[in-house]
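To keep things clear, I will list the structure first and then write my remarks on it.
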Amino acid sequence: MQKFKFAIIGCGRLGTNLAICLKSEGHTPVGISAKRMESIQESNHWIHAKTVDICPWNVTQKADVVFITTPDDSIEQTCRQIINHNGLNQDAIVYHCSGSLSSEILSAASNEGFSVGSLHPLQSFPVKRLDGNPFENIYISVEGSPKAIALGKIIVKSLRARLTEISTKGKKMYHAAAVVASNYLVTLLELSRQLNITAGISEDIALTVLTPLIQGTLNNIEKQGIPHALTGPIARGDIQTVQDHITSIKQSLPGYLALYKTLGKYTVPIAKAQQNISDETLLALQDEFYGK
Ligand SMILES: NC(=O)c1ccc[n+]([C@@H]2O[C@H](COP(=O)([O-])OP(=O)(O)OC[C@H]3O[C@@H](n4cnc5c(N)ncnc54)[C@H](OP(=O)(O)O)[C@@H]3O)[C@@H](O)[C@H]2O)c1
């Protein structure tokens, strides 16, 4: 497999994990940069890059591939600074790793004839160094110029990840999907946790008791897909159970009633797709969720 020299601008949580994995796959870290020297030194303890500097353009010049892994708000400016200081070698390819931004944010480089792309791992990196290879088997979306996509495929393979190609204009919606699946899952589980606490279950286990149920549901979704993974009162058409939930939440946790009902509204069409309950029952369920 093609080996390359790379620089990481922004050796934070993603940048450091990426550098460690690329290095362990035989690619050469020629430079790393961050805002603070202490942060660079901490990361370089694992990366052993040849050049370190708080000025990005001083570490990018020998790189075939430059990853700008700063916070999203700094990507455009960082790319412009590198270009303004002639920081790229003539065949360099520049990537950023934001989920919501496209490669167009790197226009300072593409306007000068450089290939640019975005390469977004669909995973959360909470610390600078995770055990093992945190990229293994995850999906990484790649978008950008043909040359950036071609190298992106090699990078994804090198990280032992799986590739999803995405259009430049699809990135915002793709990122919204990731936010719903990851961040809003947290919000949803907080709703469940609050309902359990209100039911009298001790706070320290209010979430833990749900864990096997959550994992079982994820397994069912993976094996059977949607709509067949849906179980419970809406899938069975148990109108009385739904009414009881609404009454209890209205009495004890009224702040969560709108969320419970909204989720119900979007669950009825999933139950309909299973074709197990009558149209009359489906309409009665809808009335419960749309009613006051
Ligand atoms: N972490 C994740 O779970 C994850 C997952 C997928 C994609 N991403 C994407 O990866 C990128 C980085 O996210 P992150 O979570 O790794 O952020 P992070 O941990 O906050 O790290 C950001 C890094 O950028 C450096 N930095 C900040 N401003 C800079 C500037 N103006 N010039 C040069 N370096 C600068 C910081 O320096 P200091 O270390 O000195 O503060 C730090 O090293 C983002 O585009 C994000 O959307 C992150």
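Per the UniProt record's numbering: the sequence shown = residues 1 to 292.
A virtual CB, placed ideally from N, CA and C, is assigned to each residue, including glycine.
Please say whether G264 and L283 have beta carbons closer to each other than 9 angstroms?
-> For L283 and G264, no; Cβs fall outside 9 angstroms.
Run the CB neighbour count on I226, radius 10 Å, all protein chains shown included, and call it buried at 16 or more, exposed below.
-> exposed
Hey, how far is the Cα of L207 from the Cα of S24?
-> 38 angstroms
Cβ of H120 versus every heavy atom of ligand 3: is any distance shorter than 8 angstroms?
-> Inclusion of ligand 3 in the displayed structure is not the case, the ligand content consisting of ligand 1 alone.
According to DSSP, what are the bridge partners of Y95?
-> F67 and G117
Count the other CB atoms, across all protein chains shown, that sit within 10 Å of the CB of P29; report buried if there are 16 or more and exposed otherwise.
-> buried
For T70, which residues from the same chain have a beta carbon less than 6 angstroms from its beta carbon, with the 5 sequence-adjacent residues on both sides left out?
-> Answer for T70: G10 and T78, listed in chain order.
Ordered along the chain, which non-local residues of its own chain (more than five positions away) have a Cβ less than 7 angstroms from that of H175?
-> Within the same chain, H175 has close Cβ partners G99 and S100.
Consider the C-beta atom of C97 and the heavy atoms of ligand 1; say whether any pair is separated by less than 8 angstroms.
-> Under cutoff, so the answer is yes.
Under the criterion of a Cβ to heavy atom distance below 8 angstroms, does K35 qualify as lining ligand 1?
-> yes
Using a threshold of 9 angstroms, state whether the C-beta atoms of P121 and A161 are closer than that.
-> Yes, the Cβ-Cβ distance between P121 and A161 is below 9 angstroms.
Contact between the region 154 to 170 and the region 50 to 58 (3+ Cβ pairs under 8 angstroms) = Two segments are said to touch when three or more pairs of C-beta atoms, one from each, lie closer than 8 angstroms; by this definition the region 154 to 170 does not touch the region 50 to 58.
Can you name the residues that DSSP bridges to I32?
-> I8 and V52
What are the partner residues of R129, as DSSP defines its beta bridges?
-> Beta-bridge pairing links R129 to no other residue.
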